[in-house]
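A short write-up of the structure that comes next.
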Amino acid sequence: MPARTTAPLPMTARDARRLAITSQRLVSGPPATRRGVMELMRDIGYLQLDPTNVVARNPLLVLWSRLGTYDTAILESLLAKRELFETPSLILPTTDLPIHAATMRAYRRATDPRAAKDLRGRGDNAGGGTRAERVQRWLTQNRHVRSAVLARLRREGPLPLTAFEDRAIVSWTSGGWNDERNVTMLMAILQRRGEIIVAGRRRGQKQWGIPEDWLKAARPLSGLALEREATLRAVRSIGIATLKQLKWHYAFSRHVSQRALDSLERDGAIARAELTDAKWKGTHYALTDRRKREWEERTTLLSPFDNLIIDRERTLEQFGYFYRMEIYVPPHLRKLGYWAMPVLHGDRIVGSADPRFERAEGVLVVNCLVLQPDAPRSVMRAIERAVDELAEFVGAKSVRWARRVPIRAAPRRFAAGLRATPPPTQRSAARNRREGTSVS
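Shown next as structure tokens:
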């Protein structure tokens, strides 16, 4: 292998944090227009879908953290105009279809019913191999249902989930929430295989259609070209990262590779970053032609699924902030709150606020505010403004800070007391690594 010729990029830990933040467009964001949203989507790569709606849906919150208050109809319009498209777990730019078409192609091969192993003696799809093998087995057992669904969509056009009866011969069983939800599982599998897409929504319901009717055909990238494009896009989106951290980029992770990093480094597109005042694990990479964006000190709240912090280990390393969601933690054991939103203040994460939008009352309630021990006293007014901006975005008429809010250096309207973010234990860190990793 030829020796690398690109000189290392020296930077401080502060430089690296700011690079991560600006790469995610959390400062110097684009205008809150259709064009601005598309520019943002190309830069960050994806929006993660999640049904939780405590304040607002995750895609809307991720955009708000970068754009401020904006017209949420823009996102639906971009989906309707096919400038964005959905997978079971992500919203993606249609311009990236050549990358994602390769992902769909690989999944079709892995779950091809024609290549299924001997099914004699099997009455269900539980156990026995990888998830892809179980999907393959289940599709084989219910091949007539798959064929009927595709034929009907070709014949009648987009239809909602409720238009299809459950005619599965063998039910989906995995020990999870989707057991017996055969129509839902079939649609998710066919979507991931690229055989159907979300062609729109009617009264909030997804309308399922055939891709050829709604998206222009995209020739999948392959080989090193695919890996280079995916890896370069991941580096550009994350800012500075190791190979392991690049594989956390949900949109491109399946195609990020070390050989692509080596190839891009030889070509001078990326270089290794040398931290001058910190020791972070692993070899970190960054773009050599980093776009200079003017730095601005701003304070905003981040969704628990925000792209900047979704890799919890990287968040701990680069920002010194340990975070895990507590949705499934019993209320009396929660440290941060059900929907704790980390507070990004300048280039630091200084704590978290746990808001809930009480829609019937039109009130945004902040149930808990937890600050880091080293959070500056001046941060409180900035957090208040950020919460007020969030309230304006979701349409709340007022903000109410709960009496039990534990904070330090509080404005007069807050209660006293502070709970600092606890350090991670070995067990909690392992649990945190597992959180949010299922993208299917």
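Residue numbers (our numbering): 1308 to 1747. Ideal Cβ placement from N, Cα and C applies to all residues, glycine included.
Task: Pairwise C-alpha distance: THR1590 and LEU1316 - done: Each residue's alpha carbon lies about 12 Å from the other.
TODO: State whether the stretch 1583 to 1597 contacts the stretch 1535 to 1553, with contact taken as three or more CB pairs (one from each stretch) at a distance under 8 Å.
DONE: With a cut-off of 8 Å on Cβ pairs, the stretch 1583 to 1597 is in contact with the stretch 1535 to 1553, counting three or more such pairs.
Task: GLU1665 versus LEU1671: straight-line alpha-carbon distance, rounded - done: So the alpha carbons of these two residues sit roughly 6 Å apart.
Open item on the list: Just list the residues that DSSP pairs PHE1559 with in beta bridges.
Closed with: Beta-bridge pairing by DSSP links PHE1559 to no other residue.
Task: Beta-carbon proximity of GLU1603 to GLY1375, cut-off 8 Å - done: Against a cut-off of 8 Å, the Cβ pair of GLY1375 and GLU1603 comes out as no contact.
- [ ] Just list the alpha helix (DSSP H) runs in the stretch 1542 to 1615, keeping only unbroken ones of 4 residues or longer that don't cross its boundaries, in chain order.
- [x] DSSP runs (the alpha helix (DSSP H)) wholly in the stretch 1542 to 1615: 1550 to 1553, 1565 to 1573.
Open item on the list: At the level of alpha carbons, what is the spacing between ALA1314 and ASP1584?
Closed with: Rounded to the nearest whole angstrom, the CA to CA distance from ALA1314 to ASP1584 is 18 Å.
- [ ] Counting only runs of 4+ residues fully inside the stretch 1625 to 1712, write out the alpha helix (DSSP H) ranges in chain order.
- [x] List check, alpha helix (DSSP H) in window: 1686 to 1701.
- [ ] For VAL1344, collect the residues of the same chain with a Cβ closer than 6 Å to its Cβ; drop the 5 residues on either side in sequence, then sort them by chain order.
- [x] The beta carbon of VAL1344 is closer than 6 Å to those of ILE1381 in its chain, skipping five residues each way along the sequence.
Task: 8 Å CB neighbourhood of ARG1543 in its chain, flanking five on each side removed - done: Correct list, in chain order: SER1330, ASP1350, LEU1594.
TODO: Please determine, among ASP1403, THR1402, LEU1404, THR1437, the residue with the shortest C-alpha to C-alpha distance to ALA1417.
DONE: Distances from the alpha-carbon of ALA1417 to those of ASP1403, THR1402, LEU1404, THR1437 put THR1437 closest.
Task: Option in LEU1446, ARG1462, PRO1465 with minimal Cα separation from ARG1474 - done: Measuring from the Cα of ARG1474, the nearest candidate turns out to be LEU1446.
Open item on the list: Assuming TRP1515 is part of the beta strand (DSSP E), what are its boundary residues?
Closed with: Counting along the chain, the beta strand (DSSP E) containing TRP1515 begins and ends at 1512 to 1516.
Task: Other residues of its chain near LEU1615: CB distance less than 6 Å, five sequence neighbours each side excluded - done: Cβ within range, chain order: GLN1331.
Open item on the list: Looking at the secondary structure, which residues open and close the alpha helix (DSSP H) in which VAL1505 lies?
Closed with: Where VAL1505 is concerned, there is no enclosing alpha helix (DSSP H), although the beta strand (DSSP E) it sits in stretches over 1504 to 1509.
TODO: Decide yes or no for the touch test of the stretch 1683 to 1703 against the stretch 1357 to 1375: beta carbon pairs closer than 8 Å, at least 3 of them.
DONE: Put simply, the stretch 1683 to 1703 touches the stretch 1357 to 1375. At least three CB pairs are less than 8 Å apart.
Open item on the list: Could you compute how far the alpha carbon of LEU1457 sits from the alpha carbon of PRO1420?
Closed with: Approximately 15 Å, taken between the alpha carbons.
Open item on the list: Cutting at 7 Å between CB atoms, please list the residues of its own chain near ASP1618, excluding the five before and the five after it.
Closed with: Non-local beta-carbon contacts of ASP1618 in its own chain, meaning distances under 7 Å to residues more than five positions away in sequence, involve GLN1552, TRP1555 in chain order.
Open item on the list: Among GLY1464, TYR1414, PRO1405, TRP1521, whose alpha-carbon lies nearest the alpha-carbon of THR1537?
Closed with: Checking the displayed sequence, the identity of residue 1537 turns out to be Ala instead of Thr. Nearest C-alpha to ALA1537 among GLY1464, TYR1414, PRO1405, TRP1521: PRO1405.
- [ ] Closer than 6 Å by C-beta to ARG1561: which residues in its own chain qualify, once you throw out the five before and the five after it? Chain order, please.
- [x] Close CB contacts of ARG1561 within its chain, under the 6 Å cut and outside five residues either way in sequence, are with THR1410 (chain order).
Open item on the list: Is it buried or exposed, TRP1708, if we count other Cβ atoms within 10 angstroms and call 16 or more buried?
Closed with: TRP1708 should be labelled buried.
Open item on the list: At the level of alpha carbons, what is the spacing between ASN1489 and ILE1503?
Closed with: Spanning the two alpha carbons is a distance of roughly 16 Å.
Task: Short Cβ contact (8 Å threshold) for GLN1498 with GLY1507 - done: Not a contact, by the Cβ cut-off of 8 Å.
Open item on the list: Pull the bridge partners of ILE1398 from the DSSP assignment, please.
Closed with: Partner(s): LEU1354, GLU1393.
Task: Burial state of GLN1679, where buried means 16 or more other Cβ atoms lie within 10 Å - done: When all chains shown are included, GLN1679 counts as buried.
Task: Residue range of the unbroken alpha helix (DSSP H) whose run includes PRO1405 - done: Start and end: 1404 to 1417.
Open item on the list: Whole angstroms are fine: how far does the CA of VAL1636 sit from the CA of ARG1450?
Closed with: Across the structure, ARG1450 and VAL1636 are spaced so that their CA atoms are roughly 40 Å apart.
TODO: For the alpha helix (DSSP H) containing PRO1366, list its first residue and its last residue.
DONE: Annotation: the continuous alpha helix (DSSP H) that includes PRO1366 extends over 1365 to 1374.
TODO: Return the chain-ordered list of same chain residues with a C-beta closer than 7 Å to the C-beta of ARG1720, the five sequence neighbours on each side being excluded.
DONE: Any reading at ARG1720 must be qualified, since the residue scores a pLDDT of 39, below 50, and its modelled position is unreliable; no value is offered.
- [ ] Take TRP1521 as the anchor and find which of GLU1487, THR1469, LEU1386, GLU1572 has the nearest alpha-carbon.
- [x] Nearest of GLU1487, THR1469, LEU1386, GLU1572 to TRP1521, Cα basis: LEU1386.
- [ ] Give a yes or no on contact between the stretch 1641 to 1656 and the stretch 1559 to 1579, applying the rule of three or more CB pairs nearer than 8 Å.
- [x] No, the stretch 1641 to 1656 does not touch the stretch 1559 to 1579.
Open item on the list: As a quick exercise: from PRO1337, ALA1320, THR1319, pick the residue whose alpha carbon is nearest that of ARG1600.
Closed with: The candidate whose alpha carbon is nearest that of ARG1600 is PRO1337.
TODO: Work out the CA separation of ASP1486 and GLY1430 for me, nearest whole Å.
DONE: Residue placement at GLY1430 cannot be trusted, given a pLDDT of 48 that sits under 50; the coordinates are not used to answer.
Task: Limits of the beta strand (DSSP E) - the one that LEU1316 falls within - done: DSSP places LEU1316 inside the beta strand (DSSP E), whose first and last residues are 1316 to 1318.
TODO: Kindly indicate the opening and closing residues of the alpha helix (DSSP H) around GLU1519.
DONE: Judged by DSSP secondary structure, GLU1519 falls outside any alpha helix (DSSP H); it is assigned neither H nor E.
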